[in-house]
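Chains D and H supply the protein sequences, listed in that same order. In this text, residue positions in the first sequence follow the numbering used here: the first is 164, and each later residue adds one. In this text, residue positions in the second sequence follow the numbering used here: the first is 164, and each later residue adds one. Reviewing the structure listed below.
There are 2 protein chains.
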Amino acid sequence: MTHPPISSPDNPLIKEYLRLKRSRKYRRSAGKLAVEGPNLLEQALAAGLLPEAVIYTVDYGCGKGAPLLSALPGSVKQVQVSKPLFAKLTATETPQEVAALIPFQEPDHAQFFSVPLSLALFLDRLQDPGNMGTVLRTAAAAGAEAVFYSPGSADPFSAKVLRSTAGAIFNIPVAMAREPLKLLREFKRAGIQIAAAAPSAQHYYWSADFSRPTLFIIGNEKGGISPELSAAADISVNIPLTGGQGSLNAAVAAAVLIFEAIRQRRSGS
Amino acid sequence: MTHPPISSPDNPLIKEYLRLKRSRKYRRSAGKLAVEGPNLLEQALAAGLLPEAVIYTVDYGCGKGAPLLSALPGSVKQVQVSKPLFAKLTATETPQEVAALIPFQEPDHAQFFSVPLSLALFLDRLQDPGNMGTVLRTAAAAGAEAVFYSPGSADPFSAKVLRSTAGAIFNIPVAMAREPLKLLREFKRAGIQIAAAAPSAQHYYWSADFSRPTLFIIGNEKGGISPELSAAADISVNIPLTGGQGSLNAAVAAAVLIFEAIRQRRSGS
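Right under this line is the structure:
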């Protein structure tokens, strides 16, 4: 870098970064993500995504970030900024030192109708960004093939969700379905079993056959799965709680179901 | 209430509340918790805990909190505070309207050595308050009998953990073990199997016998379980991830193991 570090928040790239970070609508229309921190950036690169620009502090550029920056193709804009400006870009407690603008197009859910899916999730108005991130991380680690979400869910591409996924977001396709019922019907037609967890269901989750291609519906934290989508499920299963007391975090319930499918498929029982 | 609402942060009760909220050390020495929000307060009451004092806004006292407040015994101090003062007490985005000082003594871990345990957890330096809360919530809902934690873990009685447990903290004994290895050995002697999840373990978790009394060790988010504690485990099990990629959130890994134990015990296989 021969240029002096940028310190003005009026710099066009800085302004665009902040706009991407703040506005879900702008992220969608621009087809770009605001990605923060060395870990997420490395995961994005490992997944084959190429930033349009990286923004970093001198500590990162001359320190642990030097190998990564020098390995980037010349087409990637590299912008060093002052520490006070960088602190304004990222609002986490621990400073992240590097951020990137990454071209990224959310896949169209319809493209999955023609692909055979064996394990997928549908998130019905999942609200909490931490839950959303944990679900995506679990689904990616377990080898699920896709995660769909309804309008009214947390945005999977917000800064907080990206952080909670620990980078897993780049390893699994995540797509919004504007018409949830239509999506479920389409998958049913393709021979995919639709499964929902419900506290009132008669059968325990381990007695269902999840060795078949299965899509699990995960409901809203407070209200659960909407009646409309529940009615569209092929099976409802019960995750038993002691004396019916307490409740499970939505991401935990998702994990229990996903890993029961993995167990059945791998253990053959 | 015939007294005017308190608006001064110098009121002794307000000062004690804030001290309880901020200092783990003071919580322990005073033997009290700072509990925030109608949900947590209701859960504490349902678990048989009785506040020393409740602090609330006029909206709560004259609104949805009226039945709860009028049902409290006369020994519970009721203190109405101004809205600006209440906003200073609770730092959450949505105002909580009510808070309480609740006498609470953390159980001594040693008292569990003489009780037959069938399902318990040991948290080895679990750092993230959200993870800690989710683990406690899952353990309580699944019917585990106790959760132990090592020094260096997040404080289970901090405001953030209490929130993440969704009140479940009052339904399960949670105790610190200053000498983790001693605790594990004591439980081994009592015939309890010590199980640890490790990515390098040979056996998948479903091939272990968790129908026996079992204590699961849950490791630190970054470093996993310490070598010392790993060596003390009777069995190590593998939660399989696709191609070894990605990782599971610690609370998710805990949930997968706990519910495998529940499955084996209830389904008899």
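Even glycine gets a Cβ: it sits at the ideal position worked out from N, Cα and C. Quantities reported herein were computed from a predicted structural model and do not represent experimental measurements.
- Restricting attention to D:173, D:232 and D:169, the CA atom closest to the CA of residue 201 of chain D is found in D:232.
- Secondary-structure assignment with DSSP links residue 266 of chain H through a beta bridge to H:195.
- Boundaries of the beta strand (DSSP E) harbouring residue 216 of chain D: 216 to 219, taken from the DSSP string.
- A distance of 9 angstroms or more separates the beta carbons of residue 240 of chain D and residue 199 of chain D.
- About 6 angstroms separates the beta carbons of residue 301 of chain H and residue 411 of chain D, which is inside the 8 angstroms limit, making them a contact pair.
- Across the structure, residue 328 of chain D and residue 392 of chain D are spaced so that their CA atoms are roughly 26 angstroms apart.
- Around the CB of residue 251 of chain D, fewer than 16 other CB atoms lie within 10 Å, so the residue is classed as exposed.
- Using a C-beta cut-off of 8 angstroms, the segment 305 to 318 of chain H makes contact with the segment 333 to 344 of chain H, since at least three inter-stretch Cβ pairs fall below that distance.
- Two segments are said to touch when three or more pairs of C-beta atoms, one from each, lie closer than 8 angstroms; by this definition the segment 178 to 185 of chain D touches the segment 258 to 266 of chain D.
- Close CB contacts of residue 396 of chain H within its chain, under the 7 angstroms cut and outside five residues either way in sequence, are with 357, 358, 359 and 380 (chain order).
- In terms of beta-carbon proximity, residue 174 of chain D stays away from the interface with chain H, with every pair separated by 9 angstroms or more.
- A contact is defined here as three or more CB-CB pairs under 8 angstroms, and the segment 413 to 423 of chain H meets this definition with respect to the segment 410 to 424 of chain D.
- Each of D:320, D:415 and D:185 was checked against the Cα of residue 299 of chain H, and the nearest Cα belongs to D:415.
- Per DSSP, residue 278 of chain H lies in no beta strand (DSSP E) segment and is marked neither H nor E.
- Between residue 386 of chain D and chain H, the shortest Cβ-Cβ separation is not below 9 angstroms.
- Of all C-beta pairs linking the segment 340 to 354 of chain H to the segment 272 to 280 of chain H, three or more are shorter than 8 angstroms, placing the two stretches in contact.
- With a cutoff of 9 angstroms on beta-carbon distance, residue 361 of chain D and residue 324 of chain D are scored as not near each other.
- For residue 358 of chain H, there is no enclosing alpha helix (DSSP H); the enclosing beta strand (DSSP E) has its first and last residue at 356 to 360.
- Judged by DSSP in its simplified three-state form, residue 364 of chain H adopts coil rather than helix or strand.
- Taken through DSSP and simplified to helix, strand or coil, residue 286 of chain D comes out as strand.
- Interface flag for residue 425 of chain H against chain D is set, since a Cβ pair is found closer than 9 angstroms.
- Nearest Cα to residue 292 of chain H within the set H:409, H:284 and H:318: H:318.
- Rounded to whole angstroms, residue 243 of chain H and residue 174 of chain H show a C-alpha spacing of 12 angstroms.
- A straight-line Cα-Cα distance of about 16 angstroms links residue 355 of chain D and residue 394 of chain D.
- Checking the DSSP bridge columns, you'll see residue 295 of chain H has no partner listed.
- Counting along the chain, the unbroken alpha helix (DSSP H) around residue 393 of chain D starts and ends at 390 to 395.
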